[in-house]
Amino acid sequence: GSNFAADLDLSQKKRLTRELIARGGVDDKHQPQAKRSFDDLLDSRYKQLLQMITGLPQHLHSDRELFNDKAFWDRMGRLGVPHMPVFRINHTDPLYTRHFQEKVVKPSIPVVIQGLIDNDPGWEGARQKWSSPERMAEFYGDIPVCIKEVDKTAVRVPLKMFFQYANTTKSDFPVYMCEKELRPDLLADYSNPKPFRDDLYQQVLPEGDDGHPWLAYLLVGSKASGSPLHKDPIGSGAWNALLYGQKRWCLFPPGTNTSLIGLKDGDPTTPPAYWWQDVYPRIVNDSRIENVELMQKPGEIVFVPAGWYHVVLNLDMSIAVTQNFVLPSMLESTSRVLASENPVLSRVFLAQLYKKRPSLVKRLYSDLKAHSTGGGTTLKRMERMALEEEKSLRAENDKNQSTLMSQDQQAL
1301 GSNFAADLDL SQKKRLTREL IARGGVDDKH QPQAKRSFDD LLDSRYKQLL
1351 QMITGLPQHL HSDRELFNDK AFWDRMGRLG VPHMPVFRIN HTDPLYTRHF
1401 QEKVVKPSIP VVIQGLIDND PGWEGARQKW SSPERMAEFY GDIPVCIKEV
1451 DKTAVRVPLK MFFQYANTTK SDFPVYMCEK ELRPDLLADY SNPKPFRDDL
1501 YQQVLPEGDD GHPWLAYLLV GSKASGSPLH KDPIGSGAWN ALLYGQKRWC
1551 LFPPGTNTSL IGLKDGDPTT PPAYWWQDVY PRIVNDSRIE NVELMQKPGE
1601 IVFVPAGWYH VVLNLDMSIA VTQNFVLPSM LESTSRVLAS ENPVLSRVFL
1651 AQLYKKRPSL VKRLYSDLKA HSTGGGTTLK RMERMALEEE KSLRAENDKN
1701 QSTLMSQDQQ AL
């Protein structure tokens, strides 16, 4: 595997050392840099960060001692009677290769895609390097990964250190690693499944044009970790590809009465395992609730349609990658969600999309106008916004060129 510290030049090491000490308030008398190598200092600081995060009350407690509750894990390993079936399709099936947008995405049907990870050349790296915690630590163990965000700042420790924690914790709510800033070598290990590549958010919202996925995450967690009940943000759908371990899912369609399924204002401190223990037994036979249940195994990709609430529990150590997206077939529903939940982002997104994919936006507002929702007026506003932004960009470009010419003349 790569050596993170060795990859840094001296100036980067000095800067990172200063930042680590400043952020953690490390007492110099306990960190005599003159007598210790940078690697030792970095390792010590990382251990302090890991202890700080794993020592938070929500991640430290084991009030119900679920880790050793054999009866609970036996129940979790067996699916109940679902109110709605989950469809499993092979990556060679025409439903996946030709009709996915029309028959799966647009009607908002969750499915499990099988065979792609095991057979697609684009997943060769992940098959080889992500097949177990040991293999992943061998290749990427020294990479610092995000284990928590504190005041919007990512707290990172080396992946191998997080694996050590995940292999030993017995918490009811272990820390769940969620790394968004994926390095190029990690990104090269897998390929965005073909039906999800025409991602409109990716095309217009990220700053710069480096092709880095805007909403992609590497997920690593131990037994009992997972995602509390939630729906994906800003009108997006998602795919979740599992390389190692096993996950249990429960999904609820848009419009579900959230008070019936135990949603507590999206409280992130409620362990997912407690939802399965407390809420699931109440809803499994409730005729008012429709839900999809599934057990995800290595090599399977779960498609989560936009607006579906879902809760996920890792039944053992798991390694997965996920990405959110908005496809053209989702644009109308997403635009409504954005306009309601985040009007500012809605205006930016549609204005930028109009510049790059004007036909999509025109079709969107034509449909909205046909449904008497003011699409025509909104389309004109989007056109004006796009034109004004283009004028602003041209003016800024002219100003920059004028400045450069002035500097060249002065130099002469």
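For the sequence shown, position 359 matches number 1659 in the working numbering, and the numbering has no gaps at all.
Virtual Cβ for every residue (Gly too), placed ideally from N, Cα, C.
Here the C-alpha atom of residue 1459 lies approximately 6 Å from the C-alpha atom of residue 1443. Within the same chain, and ignoring the five residues on either side of residue 1576 in sequence, the residues whose Cβ sits closer than 7 Å to its Cβ are 1376, 1613.
With contacts defined by Cβ atoms closer than 8 Å, residue 1544 and residue 1598 form a contacting pair.
Here the alpha carbons of residue 1624 and residue 1433 stand approximately 24 Å from one another. Within the model, the alpha-carbon separation for residue 1534 versus residue 1351 is close to 33 Å.
Selection 1435, 1413, 1591, 1353 evaluated against residue 1453 yields 1353 as nearest (Cα-Cα).
Within the region 1567-1636, the runs of beta strand (DSSP E) that reach at least 3 residues and sit entirely inside it are, in chain order, 1592-1596, 1600-1604, 1609-1614, 1618-1625. Residue pairing of residue 1538 in beta bridges, as defined by DSSP: 1604, 1624. Take residue 1564, set aside five residues on each side of it, and the residues of its chain with a beta-carbon closer than 7 Å to its own are 1570, in chain order.
By the criterion of a C-beta distance shorter than 8 Å, residue 1455 is surrounded in its chain by 1349, 1352, 1353, 1446, 1447, 1448, 1449, once the five residues flanking it on both sides are discounted. Runs of the beta strand (DSSP E) spanning 3 or more residues and lying entirely within the region 1492-1525 occur at 1516-1521, in chain order. Linking residue 1586 to residue 1593 through their CA atoms gives a straight-line distance of about 14 Å.
Less than 8 Å separates the beta-carbon of residue 1404 from that of residue 1603. Going by DSSP, residue 1453 is part of the beta strand (DSSP E) stretching over 1453-1458. The beta carbons of residue 1386 and residue 1357 sit no closer together than 8 Å. Here the alpha carbons of residue 1657 and residue 1522 stand approximately 42 Å from one another.
Distance from the CA atom of residue 1622 to the CA atom of residue 1426, rounded to whole angstroms, is 13 Å. Note that the C-beta distance between residue 1504 and residue 1619 is not below 8 Å. A straight line joining the alpha-carbon of residue 1562 with that of residue 1579 spans about 6 Å. Here residue 1531 is not near residue 1440, since their CB atoms are 8 Å or more apart. The DSSP-derived three-state label of residue 1557 is coil. Looking at the DSSP output, residue 1414 shares a beta bridge with 1390, 1600. Judged by DSSP in its simplified three-state form, residue 1424 adopts helix. About 6 Å separates the beta carbon of residue 1388 from that of residue 1414, a gap short enough to meet the 8 Å contact definition. The beta carbon of residue 1554 sits closer than 6 Å to those of 1607, all from its chain and outside the five residues before and after it, given in chain order. Rounded to whole angstroms, the separation of the alpha carbons of residue 1479 and residue 1457 is 11 Å.
By the criterion of a C-beta distance shorter than 8 Å, residue 1513 is surrounded in its chain by 1482, 1487, 1492, 1502, 1623, once the five residues flanking it on both sides are discounted. Counting only residues of its own chain and dropping the five nearest sequence neighbours on each side, residue 1476 has a CB closer than 6 Å to the CB of 1521, 1525.
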